[in-house]
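A short worksheet on the structure shown next.
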């Protein structure tokens, strides 16, 4: 629990000390992952590990059978065993092979199924724990933390961890079990020879240990860089309209590429360690074979070994140990990647939360009355600790009364909301609720007593009903659905949202996109208001709650708010003073202090700051009617006709979703060859790698020949063959040297080219996505979180394949064909029987397994994408989440999203693991058949010893290679899915783009804008939003669009920005259709200031400079800030123009963000200035100054200005005002002309009049 002053909370980095040393990633992080396994998962892990060990032991056990057979065969070849006895012995050994087949099939199936289920369950628990930590983390961490969008990491890091603790881990355990049991068997058979052979093992594991020690920190650093890049991408994609409006795609791509370049530089450090490790491992194993062969023959001659089977078993065990390396070595990068991912998870999870919203600590009074006392509170934001926002502020907020805070933008009004919500704690003073310091109250209880409507409303993906129901208290969540729906509808009626919701095709079941992007700003704000009042809160906080509403809607909603406020404590923050005039107490805040207090009438009588603000906002005074006597219906308009921006419903949503799905007709080989064809820069490296692969692939055929010679050398039928033995031992050593060279090349260069290739694809993915049409981002599956996650996982999956995996698989394929060719050349009869007994099964198993795993992988990725989107959305809107106390609900939803994955994929998983187990075990049946049939061929003297053993060993090693190829099926299917995503994205060519035909075509800056009978419907909706709009805007005019919320004003701005093209009709600039222009050159002529200003991570200077067409000077940036009335507050900051804006500009108030956004627009010096509620977040004084600046710059250089406004004071001097209703133009004229018409515009002006005591005459308007 913090002290009442909360000093501890306000260090420079929130709860996190940026200088705090961080532990280096290591194996401890890998072990820690298993702390998240529950009892069932731990049991499954133990079962899987045990079965994996048993599966690995099966092949070394086979060498005992094989060795025994070799001894019997030597005796038969030497004439000491007759044919009948030999056949009987062979049949015995054949049965042992069948037993081994059954045993290995069962344990392999069990191991793979158990580890897969356990891996999903463990990573699910880890995902949930990580997401829970993000929700528990205090708000100020997100303002100041250097971790970029930690929610984006959930999907990609969890996927890497799952591979490392499941599929890859069981292969490592199986391979290591095979490796060590080979030597254990060898020791049991001939301990002295085995120990001599084992002398090479320490060198091998020293190489592995050194590599992992070097690689884990590098991998963790690379993972962090990539996640930072993904955070940049997520920020850009979530604000894609701003990015495209300022043609910032190239700048964002450049920044993203800088992250990729940094990661690539770190990845280069992996080349030498991996090369040395790869070469050393394979050299040691094959050098051990040479040593065993050489020493074994010497011991045979000296009588220490009396049977060839002992030598054969020991040497063959070293061969099995060498093949086991191909099983576990390719998995090492996945293990180190999992360690890096886990370290990144734990680095964030180990940061303590000082304001835990889910903690049970703190007082929970039985009742909340709502009396608030703010006592001498001072406060500085953690990101700017030297700049005091509040300075000794004291304020009494009586229970059941309405208190309003007004004042200049940035004066500290919204900061009070953050303190009341306990997002922050004061540096001095305290805040009490009902006499209790809020730092002593339970955080969740406190927030459950408060409802907040923010200046920039945040809605979530889901239906309208679900969004409003987010405001339910725990007790309301248990009500029957019908009762919940009634409560939601009542809240929507009170917030003036019910009519437009009912008018939608799906009504309250209408799906809202990311950030509620399918609704207009006013519609979103009304839904947010409904959400805030649905719980009937004790305390209501309204932070510019009606700023996005048109005047009439504002008046109706304000009446509703006044009604619901009558019985509760209400704190209102407003710039539109018409919304606070009925407040019980109005406090004027200036520079963090309260300078005036009183009722509206009392403050007017003072003729001070408040009276000046009121006078500035009056539009119309002496009207002959009461403000309450007009109604929208007099104009013939219906609010129910308001249209959402985009409404994919029913079949239309399914159609959009279907379009995004892969056709599943792309082959992995086609994707792989496409990758290789495109990456011409790595061809010289591929040539060198190909040589290395061919060298390495010759190992198996060479071994087969040498093993046949081993039998000949040890067959006791003549003089000692020391010369031959030494020569063949030397050949084993030559093979070892060949592998040293081959795998050093392959291991090192594979890391390098995989990083280079995936760097290119990461860049291409981001470039393609960020340049997509806006309607691409409107689709339900293309949320910024899902796309940012794909930017990490898709290249990672491609990299997983084309790193060591693909080239080890290539070596196995070459070896497979070479071994089969050798077998056919030496003895075609036995070769054909063994090949066609085993390879069709293996190939069929490979095909089926790849299909099944691809299907399962695609399904799981889609489901994980939903959970990733939920996490990213929740963290991006963390203030809304905390205010609504949604943490527990979101954790439940997240958990439910993840829980269905295992259940729905179980059938496919069982089938795939069964096929895999069969493929891993079938070589025992092939060996049984080979022994049985080969023995008959030898008994009949049709085959020589050399023929049999060359054929048998060739096919055996080929089968082992094929089985190991199947072990990499997971990498192949993930790469196929990733490649399909990339190629599908390439097929989606944006319609609004720069082409060869238009790249040099841009406006000449002359001529006006003309809309000729423009109609428009959003994709997925048939009903038009704009109907037959025809507008002429001469160059240099100031034109305004007004009308009720959702009537199509902002849609016209979208059409002018070319976010979309008209359904029919055309828009011309000068005498050219704007569709003929390059979008980049066209947008270079205009600037946009949106209703909800978007800032990006970076400094204030960088954000303003983003709007410039070329690199701006510091003076130009300062001038733009002055024009936007932002200069004074910027230079008052400790870091001035170098002040970080924070994530989504959270370091600043709404008004400050809007002024910075305005400066960004003005630095562009546009010919066309588009203002979509450009001053809606400004206080009256700032608004007038900014408006004067806009009036001034609007007339510079013949600039045309088009403004969308609800605040009619900002557009009364417009040359022409267009009044919209139901997508049509219903009134046109100047302010005076429209006043005289006494239509809708006149009524809107009337709604914004404040007080008759300060009214102006009509001539002053």
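Residue numbers (my numbering): 265 to 1525. Even glycine gets a Cβ: it sits at the ideal position worked out from N, Cα and C. Being a predicted model, the structure only gives us computed values, none of them experimental.
Where are the alpha helix (DSSP H) runs, 4 residues long or more, that stay fully inside the stretch 303-376, in chain order?
-> For the stretch 303-376, whole alpha helix (DSSP H) runs of length 4 or above, ordered along the chain, are 303-341.
Identify which residue in 1274, 1406 and 1345 has its Cα closest to the Cα of residue 1466.
-> Comparing Cα positions, the closest option is 1274.
May I ask you to report which of helix, strand or coil DSSP gives residue 657?
-> When DSSP states are grouped into helix, strand and coil, residue 657 belongs to the strand group.
Could you name the residues of the same chain whose beta carbon sits closer than 7 angstroms to that of residue 527, not counting the 5 residues immediately before and after it, in chain order?
-> Cβ neighbours of residue 527 beyond the five flanking positions: 486, 489 and 490.
Short Cβ contact (8 angstroms threshold) for residue 842 with residue 675 | Cβ atoms of residue 842 and residue 675: not closer than 8 angstroms.
Looking only at C-alpha atoms, which of 1280, 651 and 1029 sits nearest to residue 1486?
-> Comparing Cα positions, the closest option is 1280.
Excluding five sequence neighbours on each side, which residues of the same chain lie with their C-beta closer than 8 angstroms to the C-beta of residue 762?
-> Contacts found: 753 and 756.
Within the same chain, show all residues whose beta-carbon is closer than 6 angstroms to that of residue 1272, passing over the 5 residues directly before and after it, in chain order.
-> 1297, 1298 and 1299.
4-residue-minimum alpha helix (DSSP H) runs that sit fully inside the stretch 1299-1335, ordered along the chain = The stretch 1299-1335 is shown to contain whole alpha helix (DSSP H) runs of 4 or more residues at 1313-1320, in chain order.
With contact counted as at least three CB pairs below 8 angstroms, one residue from each stretch, are the stretch 1042-1051 and the stretch 1333-1349 in contact?
-> As far as the Cβ criterion goes, the stretch 1042-1051 does not touch the stretch 1333-1349, which means the pair count is below three.
Any 3 or more C-beta pairs closer than 8 angstroms across the stretch 613-633 and the stretch 697-714 = Yes, they touch.
Helix, strand or coil at residue 1258 [DSSP, three-state] = If DSSP states are grouped into helix, strand and coil, residue 1258 belongs with coil.
Considering only C-alpha positions, which residue in the set 1382, 395 and 380 is nearest to residue 306?
-> Comparing Cα-Cα distances from residue 306 to each of 1382, 395 and 380, the minimum goes to 380.
As assigned by DSSP and simplified to three states, the class of residue 1418 = Correct three-state label for residue 1418: helix.
Check whether the Cβ atoms of residue 371 and residue 319 lie closer than 8 angstroms to each other.
-> Result yes, Cβ atoms of residue 371 and residue 319 sit closer than 8 angstroms.
Can you tell me which of 1150, 807 and 401 puts its alpha carbon nearest to the alpha carbon of residue 712?
-> Of the candidates 1150, 807 and 401, the one whose C-alpha sits nearest the C-alpha of residue 712 is 1150.
Give the DSSP-derived three-state secondary structure of residue 1206 in the structure shown.
-> Coil at residue 1206, not helix or strand.
Can you tell me whether residue 299 is buried or exposed, with buried defined as 16 or more other CB within 10 angstroms of its CB?
-> Residue 299 is exposed by the Cβ-count criterion.
Determine the closest residue to residue 1097 out of 1144, 351, 1195 and 823, with distance taken between C-alpha atoms.
-> Of the listed residues, the one whose Cα sits closest to residue 1097 is 1195.
For residue 1350, the three-state DSSP class (helix, strand or coil) = DSSP, reduced to helix, strand and coil, places residue 1350 within a strand of the structure shown.
Expressed to the nearest angstrom, what Euclidean distance is found between the alpha-carbon atoms of residue 471 and residue 544?
-> CA-to-CA, the gap between residue 471 and residue 544 works out to about 7 angstroms.
Would DSSP call residue 1526 helix, strand or coil?
-> With the chain covering 265 to 1525 only, the question about residue 1526 has no answer from this structure.
Residues of its chain near residue 968, where Cβ-Cβ distance is below 7 angstroms and the 5 sequence neighbours each way are ignored | Residues 1083, 1086, 1214, 1217, 1218 and 1221 of the same chain have their beta carbon placed closer than 7 angstroms to that of residue 968, with the five preceding and five following residues left out of the count.
Where residue 1036 sits in the DSSP three-state scheme | Residue state, collapsed to three classes: coil.
For residue 696, write down the residues that DSSP places opposite it in a beta bridge.
-> 637 and 701.
Along the alpha helix (DSSP H) that carries residue 1433, what are the first and last residues, could you check?
-> Taken as a continuous stretch (DSSP letters only), residue 1433 belongs to no alpha helix (DSSP H), being part of the beta strand (DSSP E) at 1432-1436.
Which term fits residue 1042, buried or exposed, when burial requires 16 or more other beta carbons within 10 angstroms of its beta carbon?
-> That one is buried.
Please go through the same chain and pick out, in chain order, the residues whose beta-carbon is closer than 7 angstroms to the beta-carbon of residue 420, but skip the five residues on each side of it.
-> Within the same chain, residue 420 has close Cβ partners 1053, 1056, 1057 and 1060.
Beta-carbon contacts of residue 803 that lie in its chain and below 6 angstroms, excluding the five residues immediately before and after | Once the five neighbours on either side are set aside, the close Cβ partners of residue 803 are 634, 713, 714 and 833.
Cβ neighbour criterion (16 or more within 10 Å) applied to residue 640 | Residue 640 comes out exposed.
Residue 737 to residue 289 span [Cα, whole Å] = About 42 angstroms.
When we look at the beta-carbon of residue 366 and count the other beta-carbons within 10 Å, is it buried (16 or more) or exposed?
-> Label assigned to residue 366: exposed.
Just tell me which of 974, 1372, 1015 and 1212 has its CA closest to the CA of residue 1527.
-> Limits of the chain in this structure are 265 at one end and 1525 at the other, which puts residue 1527 out of reach.
Span of the alpha helix (DSSP H) around residue 868 | DSSP places residue 868 inside the alpha helix (DSSP H), whose first and last residues are 864-870.
Taking buried to mean at least 16 other C-beta atoms within 10 Å of its own C-beta, is residue 904 buried or exposed?
-> The pLDDT assigned to residue 904 is 43, lower than 50, so where the model puts this residue is not dependable; a value taken from the coordinates is nonetheless given after this. Result: exposed.
In three-state terms, what does DSSP make of residue 389?
-> Shown here, residue 389 sits in a helix according to DSSP, grouped into three states.
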